[in-house]
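The structure appears right after this line, and notes come after that.
Structural data, given as structure tokens:
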């Protein structure tokens, strides 16, 4: 009997030799083009029958060297890089970056801009959760939910387009405030969306929550203990579905989140269904925050009073010499950021997003590291799926809600 | 030695009391505590911080290249204590010639991928790491892109 050279696969048996006895394992290559890996994740699964004995994730297919790119862009240009990391939550990325730089610059952001940031970041959370719910459901076999979710996502993208001119790569938050003045009529547009949204969430729940197939595919699946998750670097809704109420919006409030009334939903079942429930409830809480931000929006300027950092108004630039000089300086060489280092964490839809920014006092960052939630979460995949059935892998990894751009950077 | 202005920080004082030789410096800026740790003491200090001071989460491991200064690299650890909502940053200086540091994977399993990323992009070796391979780049890639002497357009440009 000869080996075929492929692990676990034996060559054809000739003659009377007995067929190999004992356990036989097969290695299954899932991805990088598998649709339910939501990008280019590759999982090497070693199977004994239908049971996964070993799982090895292989990442890096989407590595673009964004952290290196930061070092040759000035601070204002670098905003556009952050969009492309977690492309389902671009405004959360923008926010993390701006907060880190603003901390080093000791900039005071006006209340209007802060509330606007909260509102748009929460819309981003809805956007991200809607994509997650639609694709997660389609993976498990519930086709129609996808269409419902993308219907509302389209409304959100239109709101983003109204604000920034872009549907996805918005780059709408800038160091010192916002990129543009909020457009006329945004209140009506957001109000129309948010008035209808809670009933839309009811629709998704009608389709799924009591659906016996959905329950059968998700309840009791994808368990991983809280201790393992904390030790393996998991954050976000995964932890909250295991009963740990950890949310940076509450524990380390930024951008005046402390002024908003909302709850951090938790479940204790710690399975795919609990993660679904947590994210559904997060959507309801986010719409509460959006409503509060919209109704209580303070008046005032939308960018900080810091002429050396924030671009002057177009009108001033054409009439005032000083404004013209500042404009020229900011556009040609950027602005200097005092020496120092900060680690700014925010709660992205996926979990803890941290920007570690090191400045050497010049107009370009010396080093930027992004502690992205998907990278930490993916590390727990082997622990979660080993010993379970291959049919449950898709439900398990879907419940993690990772984005490969966020993982590989 | 722990700088005097950090003595009233409970975590800094605790690490100093645990091992007086471990802390080589530190600062408290932007409401963030940074402790510089002697390179040989990193695993014992991390173990102390996790099991005694309840920093149960390792948030990230990364590095900064201070080329051409020597020691060239700073390996940076961000720790998180959930109960008390505390964060601390540890820093270790690593030399530029054949850079290596002890792995903290025995303390936190999450260090596995974080350290592989640093190994891949900076070329810092983590001793006792169970699976030290490249993680982002192909296995046959030459060079370590996040080093300051690596050109932005790539090695062949």
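Chains as they are written, first to last, in our numbering: chain H, 504 to 912; chain W, 4 to 160. For glycine and all other residues, C-beta sits at the position ideal for the given N, C-alpha and C. Computed from a predicted structure; not experimentally measured.
Am I right that residue 605(H) and residue 662(H) are in contact with their C-beta atoms under 8 angstroms? What's the rounded C-beta distance? The pair is not a contact, with the Cβ atoms about 24 angstroms apart (cut-off 8 angstroms).
Assumed close pair residue 102(W), residue 127(W) - CB separation to whole angstroms, cut-off 8 angstroms: 4 angstroms
Mind checking the stretch 559-573 of chain H against chain W and listing, in chain order, the residues whose C-beta falls within less than 7 angstroms of any C-beta there? 562, 563, 566, 568, 570 and 571
Alpha-carbon to alpha-carbon, residue 39(W) and residue 129(W): 18 angstroms
Sequence-distant residues of the same chain with beta carbon closer than 7 angstroms to residue 594(H), five excluded per side: 623, 624, 627, 673, 675 and 676
Roughly how far, in whole angstroms, is the beta-carbon of residue 835(H) from the beta-carbon of residue 776(H), given that I think they are within contact range, below 8 angstroms? Contact doesn't hold; Cβ gap of about 55 angstroms is too wide.
Could you please give the first and the last residue of the uninterrupted alpha helix (DSSP H) stretch that includes residue 571(H)? 569-573
Unbroken alpha helix (DSSP H) runs of length 4 or more, entirely within the stretch 716-742 of chain H: which are they? Entirely contained in the stretch 716-742 of chain H, the alpha helix (DSSP H) runs reaching 4 residues are, in chain order, 729-735.
Within its chain, find whatever has a CB closer than 6 angstroms to the CB of residue 123(W); leave out the 5 residues flanking it on each side and keep chain order. For residue 123(W), where only same-chain residues beyond five positions count, the Cβ hits under 6 angstroms are 137, 138, 139 and 140.
When we look at the beta-carbon of residue 514(H) and count the other beta-carbons within 10 Å, is it buried (16 or more) or exposed? Low per-residue confidence applies at residue 514(H): pLDDT is 48, beneath 50, and the placement is therefore not dependable, though the value from the model is reported in the following sentence. That one is exposed.
Could you tell me the alpha carbon to alpha carbon distance between residue 62(W) and residue 715(H), rounded to whole angstroms? 38 angstroms
Taking C-beta to C-beta, are residue 43(W) and residue 76(W) nearer than 8 angstroms? no
What separation, rounded to the nearest whole angstrom, lies between the Cα atoms of residue 490(H) and residue 158(W)? Nothing can be reported for residue 490(H): it is not among the residues displayed for chain H, which extend from 504 to 912.
Against chain H, with Cβ distances strictly below 8 angstroms, would residue 149(W) count as a contact? yes
Whose CA, out of 656(H), 683(H), 563(H) and 685(H), lies closest to the CA of residue 671(H)? 656(H)
Just confirm the distance between the C-beta atoms of residue 860(H) and residue 871(H), as a whole number of angstroms; I'd bet it's less than 8 angstroms. 6 angstroms
Taking 8 angstroms as the CB-CB limit, is residue 65(W) close to chain H? Answer yes: the Cβ-Cβ gap between residue 65(W) and chain H drops below 8 angstroms somewhere.
Burial state of residue 155(W), where buried means 16 or more other Cβ atoms lie within 10 Å: exposed
State the Cα-Cα distance for the pair residue 578(H) and residue 149(W), rounded to the nearest angstrom. Separation of residue 578(H) and residue 149(W) (C-alpha to C-alpha, rounded to the nearest whole angstrom) is 18 angstroms.
Against chain H, does residue 118(W) count as a neighbour if the rule is that its beta carbon must be under 8 angstroms from one of theirs? no
Paired residues, beta bridge with residue 40(W) - DSSP: 26(W)
When you compare the CB of residue 99(W) with every CB in chain H, is at least one pair closer than 8 angstroms? Judged by the 8 angstroms Cβ criterion, residue 99(W) is not in contact with chain H.
Contained beta strand (DSSP E) runs [length at least 3] in the stretch 551-615 of chain H, N- to C-terminal order: 554-561
Can you tell me whether residue 20(W) is buried or exposed? The criterion is at least 16 other CB atoms within 10 Å of its CB, across all chains shown. exposed
Could you check what DSSP says for residue 80(W) in three-state terms: helix, strand or coil? strand
For my contact list, residue 632(H) and residue 785(H) are in at a C-beta cut-off of 8 angstroms; report their separation, rounded to the angstrom. 6 angstroms
Short Cβ contact (8 angstroms threshold) for residue 736(H) with residue 106(W): no
If the cut is a Cβ gap below 7 angstroms, which residues of chain H does residue 60(W) touch? Here the neighbours are 733.
Cutoff 8 angstroms: residue 52(W) Cβ touching any chain H Cβ: Closer than 8 angstroms: no.
Return the Cβ separation of residue 704(H) and residue 743(H) in integer angstroms, given the expectation that the two are a contact with Cβ distance under 8 angstroms. Residue 704(H) to residue 743(H), Cβ: 17 angstroms. No contact.
Distance cutoff 8 angstroms, beta carbons only. Does residue 911(H) sit that close to anything in chain W? For residue 911(H), the answer is yes, since a Cβ of chain W falls inside 8 angstroms of its Cβ.
Run through DSSP, which three-state label would residue 704(H) get? Looking at residue 704(H) - three-state DSSP - the assignment turns out to be helix.
Partner residues on chain H for residue 88(W), Cβ-Cβ distance less than 8 angstroms: Within chain H, the residues whose beta carbon sits less than 8 angstroms from that of residue 88(W) are 754 and 755, listed in sequence order.
Any C-beta of chain H sitting closer than 8 angstroms to the C-beta of residue 115(W)? yes
Can you tell me the Cβ-Cβ gap for residue 787(H) and residue 701(H), rounded? I've got them flagged as a contact below 8 angstroms. 6 angstroms
Contacts of residue 92(W) in chain H (Cβ-Cβ under 9 angstroms): 844, 846 and 859
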